[in-house]
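Below: the structure, in structure tokens.
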């Protein structure tokens with residue numbers, strides 16, 4: 001039997017406990033770190049605990065939940081026939097296979113069963129011999145094996161005899177898989193055996209942990225404190241050694257229920273941990289609490305700082321606005337600099353091209369000079385050549401003058417011909433217009449006159465015969481007009497009686513016309529008023545537009561003057577300093593920007609001016625239409641009156 005702690009009181013994780021059991025030793029949280037040999041040893045299981053050898057670690061922390069009542073069967077101990085047989089040791093029976101454990105792996109189950117049997121044989125448990133198989137054990141032998149493992153883990157702190165106590169102990173150890181009380185009654189049943197082997201293997205990993213590399217278990221680091229490797233879970237190696245030495249005494253004090261001495265030791269470890277973590281700036285827990293209180297008060301003071309005044313906020317907004325303006329101005333200047341760089345690059349390229357051309361011309365001049373120097377001609381030949389050249393020039397000038405005289409004489413003749421042709425076409429068009437106008441005045445029912453039959457073609461060669469036809473047509477029309485005049489005289493006598501009848505109607509129409517005239521006069525006044533207002537606005541916009549145009553013209557003059565100055569400077573001195581050129585180009589760019597703005601404003605004004613001109617034309621057309629309507633009504637009334 002393994003050695004047990006001397007303390008024989010029950011664990012405080014029984015079913016009637018209202019809160020969870022907390023460990024009282026200041027142990028750091030175990031993580032699966034791999035720094036050092038000790039960290040590798042401890043990484044196998046966070047719940048591993050054994051009393052083998054000189055073990056100092058306390059039992060695992062219980063996470064058991066409060067049961068409903070002692071009079072009822074606890075939920076975690078219900079049998080499979082009970083409706084709610086899901087235990088709190090697992091989340092659900094519907095877990096996936098990898099979360100329920102490898103119960104379907106036959107090789108794993110066989111290996112675990114052999115390992116459990118060897119453990120029972122090595123510890124001389126009753127009923128286990130060399131030929132014993134785990135499937136052949138009785139329920140009593142099985143419960144004895146489980147009680148032996150639990151006793152090695154928990155000692156006499158909790159009663160372990162009986163299936164109910166075994167389930168409670170597994171619950172205390174946080175068994176991660178599903179367990180059912182009925183399985184422990186028939187452990188060798190076919191559907192239960194794999195679950196039982198999985199449970200025994202899990203307990204065996206806690207009771208008899210496998211050896212680490214070098215033949216050490218994870219608890220051997222308590223035995224070799226002087227050969228420790230620093231673990232990342234501890235702040236320093238000094239604190240790690242101190243913790244290992246004090247943990248053994250701490251477990252003894254906790255086991256003997258010497259709470260005051262245990263709390264003092266715990267406080268010492270906490271103070272040392274704080275001191276080592278803060279590198280000596282904070283000595284103990286009390287000083288840390290005071291520091292926290294001071295920081296909290298300072299935080300409250302900082303949180304209660306009054307808001308900045310409106311003047312400061314306005315000043316801040318103003319500064320932000322100025323900063324934005326400066327950024328925009330800087331961007332504009334950078335764009336101007338970029339443009340100047342581009343223009344400078346183009347000027348440089350032009351300068352290089354001009355330089356190349358100049359070199360070519362100088363080379364050509366040198367070539368001509370060399371040819372002149374090598375040329376051989378006598379003075380007499382040169383004089384004779386000059387005289388012949390002078391005579392040829394005089395003859396060419398006289399010939400050119402004769403050609404100009406001939407061209408002047410010939411140019412006047414087609415002008416006269418074109419004038420005559422133009423007058424002929426004009427007169428023919430006037431004749432055709434008069435024919436169409438005369439046809440409109442005739443009544444088609446009385447005189448049948450189609451002007452298109454007598455229309456004269458100005459381009460025709462037989463224009464005289466066309467004019468004769470027109471003359472004959474006029475004589476026929478004159479005779480027809482005389483006949484119609486006689487007929488009209490007879491009709492006038494008949495119409496006199498009708499006029500008397502229409503006079504009465506005319507009086508009524510005149511009354512209506514007066515009313516219409518009054519209304520139209522009011523409308524005309526209103527339209528005239530609107531038109532005058534629009535004319536004023538149009539004149540105002542016209543004046544502003546003229547001012548803008550004058551400014552634009554002045555600016556153009558200034559730009560042309562600047563360009564002329566630049567050209568003169570270039571001609572006078574080709575080696576002007578770069579700074580002067582940059583200044584002149586910069587001034588030119590600024591003037592061009594101003595000119596672009598003025599052009600933009602002038603285009604906007606032109607658009608507005610065009611809009612008001614259209615409105616003016618529309619109003620004039622409307623006014624003319626109204627006047628025509630009134631005039632038409634008056635003409636109708638006068639015609640009816642006559």
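In full-length UniProt numbering, the protein residues as written are 1 to 642.
Even glycine gets a Cβ: it sits at the ideal position worked out from N, Cα and C.
All of these numbers come straight from a predicted model, not from anything done at the bench.
For residue i, the nearest candidate out of the options (CA to CA)
{"i": "residue 233", "options": "481, 584, 277 and 567", "result": "277"}
{"i": "residue 585", "options": "334, 292 and 341", "result": "341"}
{"i": "residue 592", "options": "558, 610, 476 and 389", "result": "558"}
{"i": "residue 269", "options": "391, 600 and 245", "result": "245"}
{"i": "residue 142", "options": "168, 113, 544 and 528", "result": "113"}
{"i": "residue 607", "options": "625, 545 and 172", "result": "545"}
{"i": "residue 547", "options": "568, 510, 601 and 530", "result": "601"}
{"i": "residue 474", "options": "562, 431, 513 and 487", "result": "431"}
{"i": "residue 520", "options": "561, 486 and 628", "result": "628"}
{"i": "residue 605", "options": "581, 543, 631 and 562", "result": "543"}
{"i": "residue 279", "options": "311, 294, 566 and 239", "result": "239"}
{"i": "residue 285", "options": "300, 267 and 293", "result": "267"}
{"i": "residue 549", "options": "510, 563, 596 and 516", "result": "596"}
{"i": "residue 140", "options": "258, 166 and 325", "result": "166"}
{"i": "residue 188", "options": "134, 434 and 163", "result": "134"}
{"i": "residue 509", "options": "361, 418, 371 and 635", "result": "635"}
{"i": "residue 467", "options": "353, 427 and 357", "result": "427"}
Residue i: first and last residue of the uninterrupted alpha helix (DSSP H) it sits in
{"i": "residue 186", "result": "Per DSSP, residue 186 belongs to no alpha helix (DSSP H) and is neither H nor E."}
{"i": "residue 115", "result": "106-122"}
{"i": "residue 307", "result": "Run containing residue 307: none; DSSP gives neither H nor E here."}
{"i": "residue 276", "result": "259-277"}
{"i": "residue 643", "result": "In the structure as shown, the chain begins at 1 and stops at 642. Residue 643 is therefore absent and cannot be evaluated."}
{"i": "residue 234", "result": "Run containing residue 234: none; DSSP gives neither H nor E here."}
{"i": "residue 172", "result": "163-172"}
{"i": "residue 148", "result": "139-154"}
{"i": "residue 200", "result": "193-207"}
Contact under 8 Å by Cβ, residue i with residue j
{"i": "residue 588", "j": "residue 555", "result": "no"}
{"i": "residue 145", "j": "residue 120", "result": "yes"}
{"i": "residue 109", "j": "residue 194", "result": "yes"}
{"i": "residue 253", "j": "residue 262", "result": "yes"}
{"i": "residue 138", "j": "residue 117", "result": "no"}
{"i": "residue 203", "j": "residue 115", "result": "no"}
{"i": "residue 153", "j": "residue 206", "result": "yes"}
{"i": "residue 527", "j": "residue 622", "result": "yes"}
{"i": "residue 235", "j": "residue 273", "result": "yes"}
{"i": "residue 282", "j": "residue 291", "result": "yes"}
{"i": "residue 179", "j": "residue 170", "result": "yes"}
{"i": "residue 256", "j": "residue 103", "result": "no"}
heavy atom of the ligand NAD below 7 Å from residue i C-beta
{"i": "residue 419", "result": "What this structure holds is no ligand at all, so the ligand NAD is not there to describe."}
CB contact below 8 Å: residue i versus chain C
{"i": "residue 526", "result": "Absent from the structure is chain C; it holds one protein chain and no more."}
Practice task
Take every Cβ of the segment 168-186, pair it with every Cβ of the segment 117-131, and state whether three or more of those distances are shorter than 8 Å.
Solution key: no
Exercise for the section: Report yes or no: do the segment 551-567 and the segment 287-307 share at least 3 C-beta pairs separated by less than 8 Å? Expected result: no
Exercise for the section: Could you tell me whether the segment 529-536 touches the segment 613-620, using the rule of 3 or more Cβ pairs below 8 Å? Expected result: yes
Practice task
Entirely within the segment 319-375 and at least 4 residues each: give me those alpha helix (DSSP H) ranges in chain order.
Solution key: none
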